[in-house]
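A short worksheet on the structure shown next.
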Amino acid sequence: MRAVVFEQYQTSPSLTDVEKPAPGPGEVLLKVAGAGACHSDVAVYREFQEGQPGAQRPAFVLGHENSGWVESVGEGVTGFTVGDAYLVYGPVGCGHCRYCSKGQDTYCENTATNPYAGIGLGRDGGMAEYVVVPARNLVPLGDADPIAAAPLSDAALTPYHAIKNALPNLAGGGKYALVVGLGGLGQIAVQILTALTGATVIATDTKEDAMARAAERGAITVPSGPDQVARIREITGGTGVDAAFDFVGVTPTIQTAQASMAVGGRFTVVGIAGGTTEWNFFSTPYESTITNTYWGTIEDLHDVVAMYRAGQIEPDIERFALADALEAYRKLEAGELSGRAVVVPTL
Ligand code: NAD
Ligand code: ZN
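Laid out in structure tokens, this is it:
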């Protein structure tokens, strides 16, 4: 079958032929409906080097944001019907530690000895006609469109988890949330904030069209520039934002969000672009927090699917045939996409 394979660090992936996989014990073979192209894939194949935190050793099929239809099941798997649509929870931990036992494989205590981090992250992913996944990682989609749903498993799950952790900061009236970076994750973050909180959402991106889409979703947009922090503070009446989410993660975006926080605010860095910042006693408002989050839990993914089915999350997608998958990644790197690129092998 055709597949997009990450073959070598700091090199673009290849579109090539690999053997069609077979499900092992406890696994399910899916016919891929959609595989989203995430900016983290760019870090995987373009930026990381052997041994760096986050690096996944090649070679493997890319695609950690997948949906598909059950094609067949491996030994011991019951309760699945051929043809039913599922979303894939990508992280794969040891399955039995404190974190995995609550469906939070992202923070598995045994990562040092796990053979891979997830589906499409060290183990073959969904940028192919078929993908094998552990049965435990499947979340049912029912009659919801599985192709448009593919981005939910990362571009929605990741902001959902970050926002859920910040809900105490946004509870009550008159709260403000800041979203920096309005790409795949950021656009969905605006939708999740709107659905889950009454906060006023302030959003920014370097791209006009990305800000326009966030504005259509009810956000107040603030362009980049030297007076950006002052403008954000002005919108909040001077107090600053109660929760900030950075879906870029370069030094300027981290520093902008840090400088925009309110007393007791929570700033979550989600983007993994490697930016840094300085902290001292006087650099941030009292009792404000800077933290990070990585992906989400299986339970979170069930919540995300429920929000999708309720019409609260609608990913903007651009469909690409498998033959055009490398073009999808090129456009992602060049900032030319206006929605999440979803590779659709059945196109
Ligand atoms: P994307 O390419 O779809 O979107 C990035 C957006 O940021 C684009 O709209 C771009 O115009 C904007 N941007 C770039 N530089 C900017 C700047 N200086 N100021 C304002 N906006 C800027 O990327 P994505 O797939 O949404 O991923 C976003 C980030 O989140 C990436 O770093 C990715 O690796 C990371 N990520 C993290 C996790 C996690 O679990 N922590 C999960 C998935 C993705
Ligand atoms: Zn574990």
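In this text, residue positions in the sequence shown follow the working numbering: the first is -10, and each later residue adds one.
Idealized CB from N, CA, C, for every residue including glycine.
Keep in mind it's a predicted model, so treat the numbers as computed, not measured.
- Counting the other Cβ atoms within 10 Å of the Cβ of Trp284 gives 16 or more, which makes it buried.
- Around the CB of Glu64, fewer than 16 other CB atoms lie within 10 Å, so the residue is classed as exposed.
- The beta carbons of Leu321 and Ala314 sit no closer together than 8 Å.
- Proximity of the beta carbon of Pro215 to ligand 1 is not indicated: no heavy atom of the ligand is located closer than 7 Å.
- The alpha-carbon of Thr189 is positioned some 7 Å away from that of Ala208.
- A residue is called buried once 16 or more other Cβ atoms fall within 10 Å of its Cβ, and Tyr78 is buried on that count.
- The residues Ala133, in chain order, have a CB closer than 6 Å to that of Arg298 in the same chain once the five nearest residues on each side in sequence are set aside.
- Membership of Thr257 in the beta strand (DSSP E) is indicated by the continuous run 250 to 258.
- Leaving aside the five residues that flank Leu174 on each side, the residues in its chain whose CB is nearer than 7 Å to its CB run, in chain order, Ala144, Thr147, Pro148, Phe236, Val259.
- By the 16-neighbour rule on beta-carbons within 10 angstroms, Leu141 is buried.
- With a 10 Å radius around the Cβ and a threshold of 16 neighbouring Cβ atoms, Leu336 comes out exposed.
- With a threshold of 7 Å, the Cβ atom of Gly84 counts as near ligand 2, since some heavy atom of the ligand is closer than that.
- About 7 Å separates the beta carbons of Gly82 and Asn99, which is inside the 8 Å limit, making them a contact pair.
- Below 8 Å, too few C-beta pairs join the stretch 149 to 163 and the stretch 305 to 313 to call them touching: fewer than three.
- Closer than 7 Å to some heavy atom of ligand 1: that does not describe the Cβ of Lys320.
- Residue pairing by DSSP places Ser61 opposite Leu18 in a beta bridge.
- Where Arg329 is concerned, the enclosing beta strand (DSSP E) starts and stops at 329 to 333.
- In the structure shown, the three-state DSSP call for Leu4 is strand.
- At a Cβ-Cβ threshold of 8 Å, Phe256 and Gln247 count as neighbours.
- Nearest neighbour of Pro12 by Cα position, chosen from Val62, Thr286, Pro157, turns out to be Val62.
- Residue nearest to Gly68 within the set Gly111, Val169, Val128 is Val128 (criterion: CA-CA distance).
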